[in-house]
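**Q** Reading the sequence shown from the start, the letters are residues -5 to 319 in the numbering used here.
The structure that follows is given in the form of structure tokens.
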Amino acid sequence: MKLVVTIDTEEDQWGRYVVDGHTLNNISHITRLQDLFDEFAVIPTYLITYPVATDKTSVSILSEILQKGRCEIGMHCHPWNTPPYGEAMTERNSMLCNLPAEVQKEKLTRLHETIVESFGSVPVSFRAGRWGYGQHAAASLHSLGYKVDTSVLPFVDWSRQYGPNFSDSDPAPYRFHHDHIFTAHPSGPMLEVPATVGFSGLTSSSFEKANRVHHILTRPPYSLLRAAGLLHRCGVLQKIWLSPENSTGDEMITLARSMIQKGAQVLNLFFHSPTLQPGLTPFVRNEPDRREFMERIKVFLRFAVDAGFEPIALGSTPAVVCRTA
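As structure tokens, this is what we get:
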């Protein structure tokens, strides 16, 4: 089993779709986070936005880690603050997949070139901001030489937020061609490594069936009875994200064990860098929350190492996961 850790490394302004006025105070907390990763020999992938890639202090912090081989730098596109600008600043346009194909290409190319210039290394890993991933972005990434995408969030539907519907996706990695991004192709030039989301409990023998049941329970009339929450607490059906923002250490371990039973090749733990600083995201509101957040990461990493997981950078996955024939 391989373990990757992917972090959306971005500005402080959670949920604000504006061109400028950004601050990057959360980036200073990465040094302490990296110390925790070093303790467990984890090589995280910091997926960075344009404001991070153009900020001297942020680049200095991340470059010091990168130059020592302790991390990977990948790309994370927030279209609203990635030039060229011109589109209306709306919630719909905050999803990269909703912009014209040429605009997507221009933004991705500009961000890619900026990262290369700032860090002196060529990124090969990508995640779309707000999970707003689509075929046009994949085509642009392929032309830029990207090898890995991690924009798929299994069993989650972003349609109400003008985004993709990943309800039918599962957490298994797969190779694909950029013109069919949700279809596995053994000789595909790119690898999709979804963020890990799955199920545990008495009804989780099939993630596909568990997802159908969970979908029913989260819609009226069952949602009015809070049936999904009740079954989660009882351990009958638990939908778990491999993220310390959404799940406890024990829940993440439960999901990992479920994935092991299914013969998973890789787990992808994920979160956002602003969560490192209290008050920036809904997940960590104060200092006790921050300590709990860090403890969740530590508990899971200790389990992963004890279980024999091999930590690798996201960009290294094509060589060991779903290799081409």
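We treat Cβ as the ideally placed atom computed from N, Cα and C, and that holds for glycine.
Given a threshold of 16 other Cβ atoms within 10 Å of its Cβ, counted over all protein chains shown, does R279 qualify as buried or as exposed?
**A** Under this definition R279 is an exposed residue.
**Q** Distance check for R26 and S115, CA to CA, integer angstroms please.
**A** Taking the straight line joining both Cα atoms gives about 23 Å.
**Q** What whole-angstrom Cβ distance do Q259 and V315 have, given they're in contact under 8 Å?
**A** Indeed, because the Cβ distance is near 5 Å, the residues count as touching under 8 Å.
**Q** Let me know if P188 comes out buried or exposed under the rule of 16 or more other beta-carbons within 10 Å of its beta-carbon.
**A** Classification for P188: buried.
**Q** If we ignore side chains and look at the alpha-carbon of each, how far apart do S54 and T39 end up?
**A** Each residue's alpha carbon lies about 16 Å from the other.
**Q** Hey, which unbroken runs of the alpha helix (DSSP H) at 4 residues or more fall wholly within the segment 97 to 183?
**A** You should have 129 to 137.
**Q** Considering only DSSP beta bridges, list what Y11 is partnered with.
**A** Answer by DSSP bridge pairing: none, since Y11 is not bridged.
**Q** Figure out for me which residue from M(-5), I24, D14 has the closest Cα to the Cα of T269.
**A** It is I24.
**Q** Determine the burial state of R285: buried for a count of at least 16 other Cβ atoms within 10 Å of its Cβ, exposed for fewer.
**A** Exposed, by the Cβ-count rule.
**Q** With the cut-off set at 8 Å, would you say L135 and L93 are in Cβ contact?
**A** No. Outside cutoff.
**Q** CA-CA distance, L18 and L30?
**A** In a straight line, the C-alpha of L18 is about 21 Å away from that of L30.
**Q** Identify every run of the beta strand (DSSP E) within the segment 34 to 77, keeping only runs that are complete inside it and at least 3 residues long; order them along the chain.
**A** DSSP runs (the beta strand (DSSP E)) wholly in the segment 34 to 77: 39 to 42, 66 to 71.
**Q** Any idea what DSSP makes of I306, helix, strand or coil?
**A** I306: coil per DSSP, three-state reduction.
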